[in-house]
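Numbering-wise, the sequence shown is residues -21 to -1, 1 to 201 according to mature numbering (1 follows the signal peptide of the UniProt record, and there is no 0). Here the structure comes first, spelled out in C-alpha cells, and everything after it is commentary.
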Amino acid sequence: LYLCSIFICSCSLAFTNFSITQIIIFCNGCNGQAEPSQAYEKDLSTIDEAMIPIDLMQSHDEFINAVKSRLTKLEMMRHVFDQNGIKGAIAAVAKLPDNAVQADVVSTLKRKLDLFSLDIFLSFLPVLAGLLTSKAERHAIVSLELLLDLIKIFGPVIRSTLSAHSAVGVDIQAEQRLQRCSRCFNHLQKIQQVLHPLIMRGGQSAQLAQELNLSLHDLVVI
Ligand SMILES: *[C@@H]1O[C@H](CO)[C@@H](O)[C@H](O)[C@H]1NC(C)=O
C-alpha cells in the first residue's frame, strides 16, 4: 500500500493530464485489480528519480486533496445535472474556474450528444474555447473531440441558415435560428483562431485541431 501511495503521488506531477476515471482505474491497479495503463507507465518514466521521500509524501497529500476536491465538484455537477438537466449543468460548469472538472464534464457530455440543441451548443462554446488554451493536452483533446462531433451535427444547419440570406423576415422562429447560428458562427471563428498554436504543438491534439480547422473552414459560406 505504501508503494501504491508513492506511485499515486508520483502521478501528481502530471495530474492535470488525467481524468478522474483514469485516476480511479490507476488506484485500483495499485490494489492488484487492474494493470496500470500504458499512459501511466510512460508518465512514470519521466519522474525525477532524485526526488526525496519527504517531497513525495507532501505531494502525495496535495494530490489526494486535489482528487478529493475534484470529486466533490464532479458530484456537485452530477447533482445539478440531475436537478436542472444539461442546460443547468452547462451554466454551472461555465462558472467553475477549474479546467480539469470542465474537461471531465465535457468528456461525459460526449456520450450524450442527443441532449444538445443549437442553443445548448451555443452556450457551451465559451467553455470549449477556454479548454483549448489550457496547458494540459487532455483538456484540449476532449474539447476538440466534442467540437468535432457537434460541428458534424450543427454545421449543416449553421451553414444553410447563414447562406439563406434574409429571405424570411417575419418568421420569429427563423429569426431566432438565424441569430443563434450567427452567434455560433462568430464563436467558432474565434475558436479557429486559437487552433494555430495547437497545431504547432504537435501530438494528438494537433491532429484533431487540424481536423477541426478543416471542418470550420467548410462552414464558411462562399
Ligand atoms: C486551416 O485550414 C485552411 C484551409 O485548408 C488553411 O489555409 C489554414 O492554413 C489552416 N490553418 C492552420 C492554422 O493550419
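Idealized CB from N, CA, C, for every residue including glycine.
Can we count Q186 as close to ligand 1, meaning its CB is less than 8 angstroms from some heavy atom?
Checking every heavy atom of ligand 1 against the Cβ of Q186, none is found closer than 8 angstroms.
Please confirm whether any heavy atom of ligand 1 lies closer than 8 angstroms to the CB of Q189.
Yes, the beta carbon of Q189 sits closer than 8 angstroms to at least one heavy atom of ligand 1.
By the three-class DSSP mapping on this structure, what secondary structure does R90 have?
R90: coil per DSSP, three-state reduction.
If you drop the 5 nearest sequence neighbours on each side, which residues of the same chain put their C-beta closer than 6 angstroms to that of L191?
Result list for L191: L123, L126 and L127, in chain order.
Can you tell me which residues fall inside 6 angstroms of ligand 1, judged by beta-carbon distance to its nearest heavy atom, and keep chain order?
Selection output, chain order preserved: L174, H175, I178, N192, L193 and H196.
Taking just the CA atoms, how far does I178 sit from Q189?
Going by the C-alpha atoms only, they are around 6 angstroms apart.
Expressed to the nearest angstrom, what Euclidean distance is found between the alpha-carbon atoms of S38 and F103?
Spanning the two alpha carbons is a distance of roughly 34 angstroms.
Output yes or no for whether 9 angstroms exceeds the beta carbon distance between S194 and I132.
Not closer than 9 angstroms, so no.
Is the beta carbon of V85 less than 9 angstroms from the beta carbon of L107?
Going by C-beta atoms, V85 is nearer than 9 angstroms to L107.
Exposed or buried, S184, counting other C-beta atoms within 10 Å across all chains shown (16 or more means buried)?
Label assigned to S184: buried.
Could you tell me the distance, in whole angstroms, from the CA atom of L157 to the CA atom of K47?
Roughly 43 angstroms separates the two Cα atoms.
Do I170 and L111 have their beta-carbon atoms positioned less than 9 angstroms apart in this structure?
Against a cut-off of 9 angstroms, the Cβ pair of I170 and L111 comes out as a contact.
Please state whether DSSP places P176 in a helix, a strand or coil.
Note: P176 maps to helix in three-state DSSP.
Is F42 helix, strand or coil when you go by DSSP?
Correct three-state label for F42: helix.
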